[in-house]
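A.B. asks: Going by full-length UniProt numbering, the sequence shown opens with residue 1, and the numbers climb by one from there.
I'd like to ask some things about the structure below.
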Amino acid sequence: MAALDPNQAYVPVLKDTGLAIFAVSVAGGILSAITVLLRTWVRVSSAAFGLDDGLMLGGLAIYLADVALACEGARAGLGSPDAELSAKMATDSRMWLIVWMLLYTCGLCMVKSSICVTMLRIAQTMQYFRICVYTLLAITVASWITTFVGVLLLCRPVAANWDANLLATGQAECASMDAMIALAYTSTASTILTDLACAVLPAFLLWRMQMPLRNKILVGILLSFASFASVSTMIRTPYIEYYRTPLDNLPYHIGNIVLWSNIETAIGLIAGSLPSLRLLINRARKGTQSNDISGSNRRPGDNSDLVTFGSTPVAKGASRVRGRSYKSPTETGVSTTTIFAQGEGDWRRLRDSSSGTRVDSDLETDMAKGIRADYSYQVELSERPSGVRGPAAGKE
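Structure below.
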């Protein structure tokens, strides 16, 4: 085998782990971009774009940068054995690894924070559930800060993480490899915990909602898909041990951590955005059903449409109004109704054991404080076509 040029920048041909990093990262980036951008379009067109959508969009932007870094790292030697790397590739592959690691922690934190904010938005009246979500959010942010700062402090200056000459000449100082391994295991344990929580907590939330059984089954399938994020983290865990032997094909083995971490983030982006896409599917299905009904049942020249409470009548000759159905779990509304009695109230409790009514003084006291009922509901909105004015609009 011919000697490698020390200044050679890229591997001649991607193969094995390097090829897997490149191909899987590109595929994950494309699928994530399609899913998140569709989610963004649905939320913006519904005038419902919120903080969780912004966090997910920010997570996508960071993930796409991560994909580019992973691909460049694979070309520079990540996933390749030491025998196939030049001196420049050995240095560059470690540099791309450190930069990728910093962005990976930021992107994953934003994705999980988006899921937490979504759950908080839905569970407006579930106090104990919200405490659990806030705890999960705090663990996610704390894990991100610990990992991000820890990576930056491993070597001073940071460039010593990949430039061995700085250490050889005494211009840099690095922590022991045990510190790196401890940081990696701590980050991995926190990631597995938060991944599982992000899959399990929505299951408890959605199961309590008034949804058809078919929808609950679909949500269960979606959550089982989201649980694969934690599985990918478990798969990459054994490769942390290779940090103990940094001179034994480290870029080759650590490439598997990059591969499975990019899969984890892609799963989080897709699983976190799919519930919002149900609204898009429902719109398309409802539009098809409306066209079928109107074509078979409408009389020639009959432009009348069903007008529901809160909708706008359609003027003669105007285009048909299409309703927007919010049937996604993230589009379910929650209302709270509280009934108060004035003074001591005049509540009476009926008992089956008696022929009349009997006043329970303790119950009266509690009733006077009010009764609260929580409801989950689905909202149907109608859009007023441009140029069409309601009956009241024409009055002076």
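From the three backbone atoms N, C-alpha and C, an ideal C-beta is built for every residue, glycine too.
For residue 130 versus residue 50, is the C-beta spacing smaller than 8 Å?
C.D. replies: no
A.B. asks: Please work out which residues of its chain come closer than 6 Å, Cβ to Cβ, to residue 7, disregarding the five sequence neighbours upstream and downstream, and give them in chain order.
C.D. replies: 88
A.B. asks: Could you tell me if residue 100 is buried or exposed, where buried requires 16 or more neighbouring beta carbons within 10 angstroms of its beta carbon?
C.D. replies: buried
A.B. asks: If you compare alpha carbons, which of 58, 139, 68, 16 is closest to residue 36?
C.D. replies: Of the candidates 58, 139, 68, 16, the one whose C-alpha sits nearest the C-alpha of residue 36 is 58.
A.B. asks: Based on DSSP bridge pairs, tell me the residues matched to residue 173.
C.D. replies: Beta-bridge pairing by DSSP links residue 173 to 156.
A.B. asks: Using only the alpha-carbon positions, how far apart do residue 251 and residue 244 sit?
C.D. replies: One C-alpha to the other measures close to 13 Å.
A.B. asks: Please list the terminal residues of the continuous alpha helix (DSSP H) segment that includes residue 96.
C.D. replies: 87-122
A.B. asks: Does the distance from the C-beta atom of residue 254 to that of residue 97 stay below 8 Å?
C.D. replies: One thing to note: residue 254 has its Cβ within 8 Å of the Cβ of residue 97.
A.B. asks: For the putative contact between residue 154 and residue 161, defined by C-beta atoms under 8 Å, what is the C-beta separation to the nearest angstrom?
C.D. replies: 6 Å
A.B. asks: Starting from residue 16, follow the alpha helix (DSSP H) in both directions and report where the run begins and ends.
C.D. replies: For residue 16, the uninterrupted alpha helix (DSSP H) segment begins and ends at 16-45.
A.B. asks: To the nearest angstrom, how far is it from the Cα of residue 70 to the Cα of residue 210?
C.D. replies: 43 Å
A.B. asks: Under 8 Å, do residue 63 and residue 280 count as touching if we go by C-beta distance?
C.D. replies: no
A.B. asks: Taking the alpha helix (DSSP H) that residue 74 belongs to, which residues open and close that run?
C.D. replies: Its alpha helix (DSSP H) spans residues 51-76.
A.B. asks: If you compare alpha carbons, which of 107, 21, 108 is closest to residue 79?
C.D. replies: 21
A.B. asks: Quick check: the segment 137-151 against the segment 188-203, are there 3 or more CB pairs under 8 Å?
C.D. replies: yes
A.B. asks: Could you check the C-alpha separation between residue 18 and residue 185 for me, to the nearest Å?
C.D. replies: Each residue's Cα considered, the two are about 24 Å apart.
A.B. asks: Could you tell me the alpha carbon to alpha carbon distance between residue 191 and residue 109, rounded to whole angstroms?
C.D. replies: 10 Å
A.B. asks: Below 7 Å CB to CB, which residues in the same chain sit around residue 172 once its five sequence neighbours on both sides are set aside?
C.D. replies: 155, 156, 157, 160, 166
A.B. asks: Going by C-alpha distance, which of 91, 84, 183 is nearest residue 105?
C.D. replies: 183
A.B. asks: Could you name each continuous alpha helix (DSSP H) segment of 4 residues or more that falls completely within the segment 218-246, going from the start of the chain to the end?
C.D. replies: 228-236
A.B. asks: Since residue 55 and residue 266 should fall inside the 8 Å C-beta cutoff, what is the C-beta to C-beta distance between them, to a whole number of angstroms?
C.D. replies: That pair is no contact at about 16 Å.
A.B. asks: Taking the alpha helix (DSSP H) that residue 166 falls in, what are its first and last residues?
C.D. replies: 164-168
A.B. asks: Just verifying my parser: in three-state terms, what is the DSSP assignment at residue 125?
C.D. replies: Residue state, collapsed to three classes: coil.
A.B. asks: I need the straight-line Cα distance from residue 132 to residue 74, nearest angstrom please.
C.D. replies: 39 Å
A.B. asks: Run through DSSP, which three-state label would residue 13 get?
C.D. replies: Under the three-state reduction of DSSP, residue 13 is assigned to coil, being neither helix nor strand.
A.B. asks: Could you round the C-beta distance between residue 263 and residue 232 to whole angstroms and report it? I think they count as a contact, below 8 Å.
C.D. replies: 5 Å
A.B. asks: Quick check on the burial criterion: 16 or more other C-beta atoms within 10 angstroms. Buried or exposed for residue 125?
C.D. replies: exposed
A.B. asks: Do residue 93 and residue 85 have their C-beta atoms within less than 8 Å of each other?
C.D. replies: yes
A.B. asks: Helix, strand or coil for residue 209 per DSSP?
C.D. replies: coil
A.B. asks: In this structure, does DSSP put residue 80 in helix, strand or coil?
C.D. replies: coil
A.B. asks: Tell me whether residue 251 sits in a helix, a strand or coil according to DSSP, three-state version.
C.D. replies: helix
A.B. asks: Which value, in whole angstroms, describes the spacing of the CA atoms of residue 117 and residue 5?
C.D. replies: 51 Å
A.B. asks: I need the DSSP call for residue 5, collapsed to helix, strand or coil.
C.D. replies: In the three-state reduction of the DSSP assignment, residue 5 falls in the coil class.
A.B. asks: Taking 8 Å as the cut-off, decide whether the C-beta atoms of residue 91 and residue 163 are in contact.
C.D. replies: In this structure, residue 91 sits near residue 163, with a CB-CB distance shorter than 8 Å.
A.B. asks: According to the Cβ coordinates, are residue 176 and residue 272 closer than 8 Å?
C.D. replies: no
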